[in-house]
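Report on the structure given below.
In the working numbering, the protein residues as written are 90 to 595.
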């Protein structure tokens, strides 16, 4: 008999709190729970479970559970870097976003039914993986969900991800979120516990079982979508790069070393300056064929992607996928249970994502645009630079997104964001401690009410990429974090942050 998903107390009580509190009351109510000693992690878990069981998947990728769940890892980590009750802010933002989606008539309300999989539990793990893979490829969502529930009892995360990626990686060219949602759902579970995997992972599985959008319209957006459809249909070209270069050879290096620094720098420069980012697979395959390690190639893409972001004049707060796409791939290359072929395809596919290709048309600036000539030499002290960076964010010219008449993808950043980038560049050049800088970014990003968690994911991805990159190359991620913070700082209206900030200050 059909039953709905419920949780044991006290989780069910918190999930119902997220689902049932009126949107106009959610900020005050969430602050009340936190100020009374409520667990931030428990509230983040409740928000993820609530938005997963009580919203529909959106027609594209904005809305429903996709970004609230994908942002959980970043929110939890950012909160750890904020001192005192200020750490409540990212948690309140996360809960408020989940609540907003649940109460939106375009996304909810709905209910998640329990899955009965007892008849599958007698099957071997190999048969379950085969059934799961077949259901995903044939887009049979109920069968895929049933196999997933059974698999969670016998298979490791890497084995499940291996099956998901057989669909997610080819579809990356159509929409990066086919891959990103699955990866960041795994990272959310790493944060809140894999005992909640059934509810958190069923929506990403359904997302992958949908028929991909193969239609496109007019103009620039239509051209980018049409290009993605062509890349999707020619996915075998990535597989050919692997076979032609014998890249699946088990003797090839995985981990990088100091000996690869110049090769990584050269790859990064080529990625930064290439005319079309979707041409990077051949560059990467060539470097791997010359002996560059998998993680070395990833580092080259990471640095080159960050440089490319600095060249972009995009003012769209959602344009974070250079960083989040690389950071997701770093997670995957470190996840046990993936085949070497899958790891290679994950790496090669990065530059073909729709969200990344879209930035090709925005590369109006150079790496010298953020000139230190705009920064006073009196600002060399660490605290002075931090104050200047913070002040520069506060002084960004405001823009009310509710007045936007065209696509948000067409927003152009004002040149004032270059001052923020120049200050961050000076901070790097002077060798100042990155910790207080990233702590400042964690505090600043909590002002954001508009990016559906993208700004939070960007700041955490830039932080992780900075510390994963060798010292002589990593500064570009710190500068990129400052630049994106400046883009986001100017956006209005703000409804969540001012209320939450006032409650904390009272």
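Even glycine gets a Cβ: it sits at the ideal position worked out from N, Cα and C.
Simplified DSSP state of residue i, which is helix, strand or coil
{"i": "residue 324", "result": "coil"}
{"i": "residue 91", "result": "coil"}
{"i": "residue 506", "result": "helix"}
{"i": "residue 403", "result": "strand"}
{"i": "residue 180", "result": "helix"}
{"i": "residue 416", "result": "helix"}
{"i": "residue 338", "result": "coil"}
{"i": "residue 658", "result": "The displayed coordinates of the chain run from 90 to 595. Any statement about residue 658 would go beyond what the structure contains."}
{"i": "residue 501", "result": "strand"}
{"i": "residue 202", "result": "strand"}
{"i": "residue 143", "result": "coil"}
{"i": "residue 329", "result": "helix"}
{"i": "residue 110", "result": "coil"}
{"i": "residue 570", "result": "helix"}
{"i": "residue 548", "result": "helix"}
{"i": "residue 300", "result": "coil"}
{"i": "residue 397", "result": "helix"}
{"i": "residue 148", "result": "coil"}
{"i": "residue 293", "result": "helix"}
{"i": "residue 269", "result": "helix"}
{"i": "residue 343", "result": "coil"}
{"i": "residue 433", "result": "helix"}
{"i": "residue 209", "result": "coil"}
{"i": "residue 539", "result": "coil"}
{"i": "residue 129", "result": "helix"}
{"i": "residue 154", "result": "coil"}
{"i": "residue 195", "result": "coil"}
{"i": "residue 519", "result": "coil"}
Contact under 7 Å by Cβ, residue i with residue j
{"i": "residue 575", "j": "residue 479", "result": "no"}
{"i": "residue 66", "j": "residue 487", "result": "Past the edges of the chain, shown from 90 to 595, lies residue 66, and the structure says nothing about it."}
{"i": "residue 366", "j": "residue 445", "result": "yes"}
{"i": "residue 320", "j": "residue 262", "result": "yes"}
{"i": "residue 475", "j": "residue 513", "result": "no"}
{"i": "residue 254", "j": "residue 239", "result": "no"}
{"i": "residue 418", "j": "residue 337", "result": "no"}
{"i": "residue 260", "j": "residue 270", "result": "no"}
{"i": "residue 428", "j": "residue 507", "result": "no"}
{"i": "residue 315", "j": "residue 165", "result": "no"}
{"i": "residue 411", "j": "residue 393", "result": "no"}
{"i": "residue 131", "j": "residue 103", "result": "yes"}
{"i": "residue 247", "j": "residue 434", "result": "no"}
{"i": "residue 241", "j": "residue 233", "result": "no"}
{"i": "residue 381", "j": "residue 355", "result": "no"}
{"i": "residue 564", "j": "residue 517", "result": "yes"}
{"i": "residue 112", "j": "residue 188", "result": "yes"}
{"i": "residue 60", "j": "residue 442", "result": "Only positions 90 to 595 of the chain appear in this structure, which leaves residue 60 out of reach."}
{"i": "residue 370", "j": "residue 437", "result": "yes"}
{"i": "residue 521", "j": "residue 473", "result": "no"}
{"i": "residue 588", "j": "residue 116", "result": "yes"}
{"i": "residue 140", "j": "residue 190", "result": "yes"}
{"i": "residue 345", "j": "residue 384", "result": "yes"}
For residue i, the first and last residue of its enclosing alpha helix (DSSP H)
{"i": "residue 424", "result": "No alpha helix (DSSP H) contains residue 424, which DSSP labels as neither H nor E."}
{"i": "residue 358", "result": "350–362"}
{"i": "residue 533", "result": "523–534"}
{"i": "residue 98", "result": "Residue 98 -> no alpha helix (DSSP H), and no H or E assigned at all."}
{"i": "residue 162", "result": "161–169"}
{"i": "residue 586", "result": "585–594"}
{"i": "residue 116", "result": "115–124"}
{"i": "residue 558", "result": "First-last for residue 558: undefined, no H or E at that position."}
{"i": "residue 216", "result": "214–227"}
{"i": "residue 376", "result": "369–378"}
{"i": "residue 444", "result": "443–446"}
Distance cut-off 6 Å: residue i Cβ against heavy atoms of the ligand FAD
{"i": "residue 389", "result": "With respect to the ligand FAD, the structure offers nothing, as it holds no ligand at all."}
Does the stretch 441–456 come close enough to the stretch 397–404 to have 3 or more Cβ pairs within less than 8 Å? Yes, the stretch 441–456 is in contact with the stretch 397–404.
Which runs of the alpha helix (DSSP H) spanning at least 4 residues fall entirely within the stretch 231–265, listed in chain order? Inside the stretch 231–265, DSSP marks whole alpha helix (DSSP H) runs of 4 or more residues at positions 246–260, from first to last along the chain.
Are at least three pairs of beta-carbons, each pair with one atom in the stretch 294–310 and one in the stretch 182–198, less than 8 Å apart? A contact is defined here as three or more CB-CB pairs under 8 Å, and the stretch 294–310 fails this definition with respect to the stretch 182–198.
What ranges does the alpha helix (DSSP H) occupy inside the stretch 450–499, keeping only unbroken runs of at least 4 residues that lie completely in it? Counting whole runs of 4 or more residues, the stretch 450–499 contains the alpha helix (DSSP H) stretches 471–483.
Counting Cβ pairs, one atom from each stretch, are 3 or more of them under 8 Å apart for the stretch 537–548 and the stretch 153–163? Three or more beta-carbon pairs separated by less than 8 Å link the stretch 537–548 to the stretch 153–163, which places the two stretches in contact.
Taking one C-beta from the stretch 522–539 and one from the stretch 382–393 each time, how about it: are there three or more such pairs within less than 8 Å? Per the Cβ contact rule, the stretch 522–539 is not in contact with the stretch 382–393 (fewer than 3 Cβ pairs under 8 Å).
Using 8 Å as the cut-off, can you tell me whether the stretch 143–152 makes contact with the stretch 168–179, which would need three or more C-beta pairs spanning the two stretches below that distance? Between the stretch 143–152 and the stretch 168–179, the count of Cβ pairs shorter than 8 Å is below three; the stretches do not touch.
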